[in-house]
Amino acid sequence: MHQEETAHALYIQVKAETQDPIAAIRAIRTRYGLSLAAAKEIGLQADGIAPSLDAHQERLIPAIAQALEDSCGPDDDDPRRPTRT
Numbered sequence: 000m001h002q003e004e005t006a007h008a009l010y011i012q013v014k015a016e017t018q019d020p021i022a023a024i025r026a027i028r029t030r031y032g033l034s035l036a037a038a039k040e041i042g043l044q045a046d047g048i049a050p051s052l053d054a055h056q057e058r059l060i061p062a063i064a065q066a067l068e069d070s071c072g073p074d075d076d077d078p079r080r081p082t083r084t
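Below, the structure is given as structure tokens:
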């Protein structure tokens, strides 16, 4: 590994070699001492998915809300309880 290598470059390299994004996240966490959240954010950036972990999670909100509505109904008082059919 080159001395000037960035976490993004290492993530891309390991993912290309292993076809395993989890291995790539582990590699950058180990090499750079990153938290899981920071490593996931680098993976999202390197993969061109989102500029940040927060931005990625915000884009998931509509899908999660729709899934909850589909499984619980819009007027259910307790969204953790599935609707009865």
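Just so we're aligned, residue 0 is where the sequence shown starts under numbering that gives the first Met the number 0, counting upward by one.
Just so you know, even glycine gets a beta-carbon here, dropped at the ideal spot from N, CA and C.
In this structure, Ile21 lies away from Lys39, with their beta-carbon atoms at least 8 Å apart.
Straight-line measurement puts the Cα of Leu9 at about 9 Å from the Cα of Arg30. In the DSSP assignment, Gln44 falls within the alpha helix (DSSP H) that extends over 35–45.
In the three-state DSSP reduction, Ser70 falls in the helix class (H, G or I). For the pair Ala6 and Ile41, the CB atoms are nearer than the 8 Å cut-off. Only residues of its own chain outside the window of five on either side were considered, and among them His7, Pro50 have a CB closer than 7 Å to the CB of Gln44, listed in chain order.
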